[in-house]
Amino acid sequence: MKAFKAIAVAILKGFVRDKASVFFAIVFPLMFLVLFGGIFNNTESSPVETKSVGEVALIDGLPKDAKEAFDESFDVEQVDAADRDDAIAEVRKGDLDLVLEQDGDTLVAHYTQTDQVKAATIRGVLQAFVDGTNVAVTGQEPKFSLQAESVEDDSMQMIDFVTPGLLGWAIAMSAAFGAAATLNGWRTTKLLRRIQLSPVPTGVVVGARVVATMLIALVQTAIFLGLGTVAFGLNLTGSWWMSVPLVMCGTLCFLAVGLLSGAVAKTTEGAVNMANFLVLPMAFLSGSFFPLDSAPGWLQVISKAMPLRHLNDGMLDVMVRGEGPAAALVPMGILLVFAAVLTAIAAKLFRWDTV
Amino acid sequence: MGAVDVAELVMAYGDFRAVDGISFEVGEGEFFGILGPNGAGKTTTLELIEGLRKPASGSVRLLGEVPWPRNSGLLPRIGVQLQASAFFERLDAREQIHTFASMYGVSTARGDEWLERVGLTEKAGVAAEKLSGGQAQRLAIACALVHDPEVVFLDEPTAALDPQARRNLWDLLSGLNDDGRTVILTTHYMDEAEVLCDRVAIMDHGKILKLGSPAELIRGLDAPVRITIADAQLSVAEAGRIAGVDDASEEAAGLVLTTRRPADVLTALAGGDQLDGLQVKAATLEDVFLDVTGREYRA
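Quick note, the sequences are listed as chains D and L, same order.
So the first sequence is residues 1 to 355, counted in the working numbering.
So the second sequence is residues 1001 to 1299, counted in the working numbering.
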């Protein structure tokens, strides 16, 4: 027990004093969280910059509340007919979003497809105003009406989607790099041999490494969830605490990835590069940086073969999608199976010495 | 019963026999040296005795027990210092030895005592990576001894040190077997083996060429002593006529007399007041190596 604690403490001190490890385990992923959470979280779209050529009677004649709604979405500046072509040229260059003109009873909109979302919005909104006006001129009360309700929690925001994925990536990185660097570093300096010649059983050494990495992962989780909640308005749902055992299983799995890298590579640098080579593409394929819902089917299949995908999915489910604790069980099982298989392969490939 | 008993030990990597049928015993409390050039098989021999490797054939007994496979009853009784500086990353000297103390289940106070004994108390707060080569070796030796082992293995403790640091380390090393501890040391420095070791095994190409105390080995050579004096005190012919001189010749360093009776020759030279620029060089282990291998010793 004394030996276990001493080795775990030695590993933790070594980690905390290594600025590069701390940066890549905590600061670097947090930068992404700030980037995704802080900057892209601003979902309010800017008004459509519009120039109207002369008077546009259809818009000007809208009832008062409809006109207010229109002005919220469109920022209109009126120009003379002579400037029409210049205004359209501005749209083409992207300096302007929309040029409106009325030709008899037809409302003509000049816009660009470059920003497809905005283009669709412009078409949809203008069509709605035209339809509304058409109904109004018949003098009849509209028969049908639409009530829009998003199935997601009203408050579900960008930050809620990105935090679990980025946390998964951060944990995968620090566990894999830590194990790979420790195994190879200790082998190169012969510390591994030195420990082998002490009475400390191998299980105690491995256990100390696992516990140290798990503590680091829990600190990462606490910082992510804490900062996300306080600074970016992350909304944790009911069984978010299940992310703790999930993180544990994820740590075991990526320790195994690191062990495998460390066993295969001959130098510490090689081992860290190998871990990076495994983890970074996996992070993309597992939806750590962006959702994969619109990815093609074959990519989805590859994605499902990645352990990080299951860690991310499990954390999304329990942390922000409001699923019950049971939602984490299958991902945890998959992670543990990966951990067992990868560890077995690493043990097979492992050599005590660098020669 | 000796501390170490090695019989017909062989270790092969493919066709290459790193250790090729060696046998020797090390007595309790002895300071035993394994001496040889790089690649002679010294480290492999040490690893076989420590139980890090499985012998291809032959047997090893360490404190009466078989060290391979990993013999956890034996490990607390031995201490090891490995060639490279095997430390935990980014821990300072005190933290290193405290960690090792805990691994062996001894109090950290013992670590502090050893830090004091190897003269590192002032460097206790310095990270192991920042210690000088000599200081790092001292720390490694302290970590090997923190649990007061019966046998301690030192693998080239003075390799890559400057001559001054080497000599400083000798003072520490020579006291290690004072309280009955057995010390087994590998080195490729002849002078080191001569100064420190009770007995030396000279190894080359995986075999032990000579085994004995340094004095015995040198005496066994029956090599002449070379006496050098400054020129112009004697002619070569006059020198050749001194009783006991086997040969006299003029060399760059001066007039060189070779003799097997240095006392008689020196007395004669003193009587003639012809001792200016005197140098006396007896045979060393290097001459023993030259004698058994037929080639110059190069570390």
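Heads up, the beta-carbon is just placed ideally off N, CA and C, and yes, glycines get one too.
Rounded C-alpha distance that separates residue i from residue j
i	j	result
TRP1068 of chain L	LEU1196 of chain L	29 Å
GLY1198 of chain L	GLU1216 of chain L	Here residue 1198 of chain L is Asp; the residue named in the question, Gly, does not match the sequence. Between ASP1198 of chain L and GLU1216 of chain L, the C-alpha separation is close to 10 Å.
GLU1122 of chain L	GLY1014 of chain L	48 Å
ASP1191 of chain L	ALA1109 of chain L	35 Å
MET214 of chain D	GLY207 of chain D	10 Å
ASP263 of chain D	GLY168 of chain D	Per the sequence presented here, residue 263 of chain D reads as Ala, with Asp not at that position. Straight-line Cα distance between these residues: approximately 24 Å.
GLU1113 of chain L	GLY1206 of chain L	39 Å
LEU1323 of chain L	GLU1238 of chain L	No answer is possible for residue 1323 of chain L: the residues shown for chain L start at 1001 and end at 1299.
GLU72 of chain D	LEU98 of chain D	15 Å
ILE361 of chain D	MET31 of chain D	Past the boundaries of the shown model lies residue 361 of chain D; chain D is included only from 1 to 355, so the question cannot be answered.
ALA357 of chain D	THR182 of chain D	Residue 357 of chain D lies beyond the stretch modelled for chain D, which goes from 1 to 355, so this question has no answer here.
TRP352 of chain D	GLY1180 of chain L	33 Å
GLN102 of chain D	VAL117 of chain D	24 Å
SER1085 of chain L	GLU1025 of chain L	28 Å
ALA1253 of chain L	SER1132 of chain L	37 Å
ALA1243 of chain L	LEU1290 of chain L	28 Å
LEU259 of chain D	VAL272 of chain D	11 Å
GLY238 of chain D	GLN127 of chain D	42 Å
PRO291 of chain D	LYS304 of chain D	13 Å
GLY1212 of chain L	PHE1032 of chain L	10 Å
GLY190 of chain D	LEU1082 of chain L	The identity of residue 190 of chain D in the sequence shown is Lys, whereas the question assumes Gly. Distance between the alpha carbons of LYS190 of chain D and LEU1082 of chain L is about 7 Å.
ARG1061 of chain L	VAL1006 of chain L	6 Å
ASP317 of chain D	PHE161 of chain D	10 Å
LEU1115 of chain L	GLY250 of chain D	41 Å
THR1099 of chain L	PHE15 of chain D	16 Å
Expected contact under 8 Å - CB spacing of residue i and residue j to nearest Å
i	j	result
THR1258 of chain L	ASP1246 of chain L	5 Å
LEU252 of chain D	LEU236 of chain D	The Cβ separation is near 24 Å, so there is no contact.
VAL1256 of chain L	ARG1226 of chain L	6 Å
PHE289 of chain D	GLY165 of chain D	7 Å
ARG1094 of chain L	GLY1125 of chain L	7 Å
LEU1046 of chain L	MET1011 of chain L	LEU1046 of chain L to MET1011 of chain L, Cβ: 11 Å. No contact.
ILE1141 of chain L	LEU1161 of chain L	With a Cβ gap of about 12 Å, ILE1141 of chain L and LEU1161 of chain L do not count as contacting.
THR343 of chain D	ALA256 of chain D	5 Å
ASP80 of chain D	GLY54 of chain D	7 Å
ILE122 of chain D	VAL76 of chain D	Going by Cβ atoms, the distance from ILE122 of chain D to VAL76 of chain D rounds to 13 Å, so no, they are not a contact pair.
Contacts that residue i makes with chain L (C-beta to C-beta distance below 7 Å)
i	result
GLY185 of chain D	GLU1089
VAL200 of chain D	MET1103
GLY14 of chain D	PHE1088, GLU1089, ARG1090 and LEU1091
LYS2 of chain D	SER1102 and GLY1105
Proximal residues of chain D, C-beta to C-beta of residue i below 7 Å
i	result
THR1045 of chain L	The premise fails here: THR1045 of chain L is roughly 15 Å from chain D at the closest Cβ pair, so nothing lies under 7 Å.
THR1158 of chain L	Within chain D, no residue comes near THR1158 of chain L; the closest Cβ sits about 17 Å away, beyond 7 Å.
GLU1050 of chain L	LEU197
LEU1075 of chain L	LEU197, SER198 and PRO199
SER1085 of chain L	THR189
Simplified DSSP assignment, three categories, for residue i
i	result
ARG1226 of chain L	strand
THR1158 of chain L	coil
SER1023 of chain L	strand
HIS1147 of chain L	coil
ASP1264 of chain L	helix
LEU299 of chain D	helix
ARG1053 of chain L	coil
PHE74 of chain D	strand
MET1011 of chain L	strand
GLU1129 of chain L	helix
GLY238 of chain D	coil
MET173 of chain D	helix
ILE1202 of chain L	strand
ALA1243 of chain L	coil
GLU1251 of chain L	strand
PHE232 of chain D	helix
LYS51 of chain D	strand
Chain-ordered neighbours of residue i on chain L, where CB pairs are closer than 9 Å
i	result
ILE7 of chain D	PHE1088, THR1099, SER1102 and MET1103
ASP18 of chain D	GLU1089 and ARG1090
THR221 of chain D	What THR221 of chain D touches in chain L: nothing, since even the nearest Cβ is about 24 Å away.
9 Å Cβ cut-off: residues of chain D touching residue i
i	result
VAL1080 of chain L	ARG193, ARG194, LEU197 and SER198
Within chain D, the residues that residue i reaches when beta carbons sit closer than 8 Å
i	result
LEU1035 of chain L	In chain order: nothing, as chain D lies at least about 22 Å away.
GLU1095 of chain L	ALA10 and LYS13
- Item | Contacting positions in the stretch 253–269 of chain D - beta carbon closer than 9 Å to chain L | Residues of the stretch 253–269 of chain D whose Cβ lies closer than 9 Å to any Cβ of chain L: none.
- Could you run through the stretch 1171–1186 of chain L and flag, in chain order, every residue whose CB is less than 8 Å away from some CB of chain D? Of all residues in the stretch 1171–1186 of chain L, none places a beta-carbon less than 8 Å from a beta-carbon of chain D.
- Residues from the stretch 287–314 of chain D in contact with chain L, defined by Cβ distance under 9 Å: none
- Message: Which residues of the stretch 1231–1263 of chain L have a Cβ closer than 9 Å to any Cβ of chain D? Give them in chain order.
- Response: none
- Item | Residues in the stretch 274–286 of chain D having any Cβ partner in chain L nearer than 8 Å | none
- Looking at chain D, which residues of the stretch 1056–1073 of chain L have a Cβ within less than 8 Å of any of its Cβ atoms? Answer in chain order: ARG1070 and SER1072.
- Of all the residues that make up the stretch 1129–1154 of chain L, which are near chain D by a beta-carbon distance shorter than 7 Å? Answer in chain order: no residues at all.
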